[in-house]
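Asker:
Residue numbers (UniProt numbering): 1 to 223.
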């Protein structure tokens with residue numbers, strides 16, 4: 001069974017339930033099932049007509065019977081399901097289907113910043129001197145004084161270091177799972193510590209975490 005944040009697809013064989021598999025199929029038809037928890041038999045009450053299984057024809061054939069044993073399950077509507085029975089190949093039919101999966105949009109992150117680090121010191125001094133600080137000091141209301149003071153500083157920064165918006169598109173890779181992200185954060189923490197120490201155990205810990213993340217990503221790519 002495989003799944004993502006939005007789309008879940010599974011393949012079930014309720015035939016292992018023996019004589020009670022008909023009841024299981026009926027339950028699948030009448031309930032909205034959490035597909036990622038099927039092994040825990042966790043069925044949630046859902047709406048009529050929102051059947052998560054899409055196989056209606058028999059999928060297992062013998063010389064004496066035709067039985068619906070296999071279910072294709074999804075939380076999305078399938079366009080069409082084909083049950084192709086090839087007697088010479090197997091007693092089980094080959095099940096194929098079409099599904100319109102909505103591709104996740106790339107997450108866009110906007111970072112607004114000022115390049116304060118590279119402000120020219122002479123220009124900064126000149127800009128500050130153009131402000132009439134005496135008039136600011138003569139304001140009797142504290143809130144008004146703070147507002148004028150803040151506006152004056154913002155004017156200086158807008159002049160010498162205007163706001164810039166950087167758009168960062170964050171590509172999501174299916175093999176970077178939640179657990180892999182946790183391991184990557186732990187690896188990065190270990191790296192920062194290892195850079196500023198001669199402690200052999202901390203350096204080896206970083207190297208070990210680096211290897212673990214590398215192998216974890218490779219395993220997820222193969223899965």
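All C-beta atoms, glycine included, are put in the ideal place defined by N, C-alpha and C.
Since residue 169 sits in a beta bridge, which residues does DSSP pair it with?
Answerer: 108
Asker: Give me the Cα-Cα distance between residue 170 and residue 137, rounded to the nearest whole angstrom.
Answerer: 47 Å
Asker: Threshold first: 4 residues or longer. Then list the alpha helix (DSSP H) segments lying entirely within the region 109-142, N to C.
Answerer: 121-129 and 133-137
Asker: If I measure Cβ to Cβ from residue 85 and keep anything under 7 Å in the same chain, skipping five residues before and after, which residues do I get?
Answerer: 61 and 93
Asker: Leaving out five residues before and five after residue 82 in sequence, what residues of the same chain have Cβ atoms less than 6 Å from its Cβ?
Answerer: 96
Asker: So, is residue 187 buried or exposed, given that buried needs 16 or more other C-beta atoms within 10 angstroms?
Answerer: buried
Asker: Is the CB-CB distance between residue 214 and residue 191 below 8 Å?
Answerer: no
Asker: For the region 103-119 and the region 157-171, state whether three or more C-beta atom pairs, one from each stretch, are separated by less than 8 Å.
Answerer: yes
Asker: Could you give the distance in angstroms between the alpha-carbon of residue 211 and the alpha-carbon of residue 196?
Answerer: 20 Å
Asker: Using the three-state DSSP reduction, which class does residue 99 fall into: helix, strand or coil?
Answerer: In this structure, residue 99 counts as strand in the three-state DSSP scheme.
Asker: In three-state DSSP terms, what is residue 38?
Answerer: Confidence is the limiting factor: at residue 38 the pLDDT is only 42, short of 50, which leaves the residue's position unreliable and the question unanswerable from this model.
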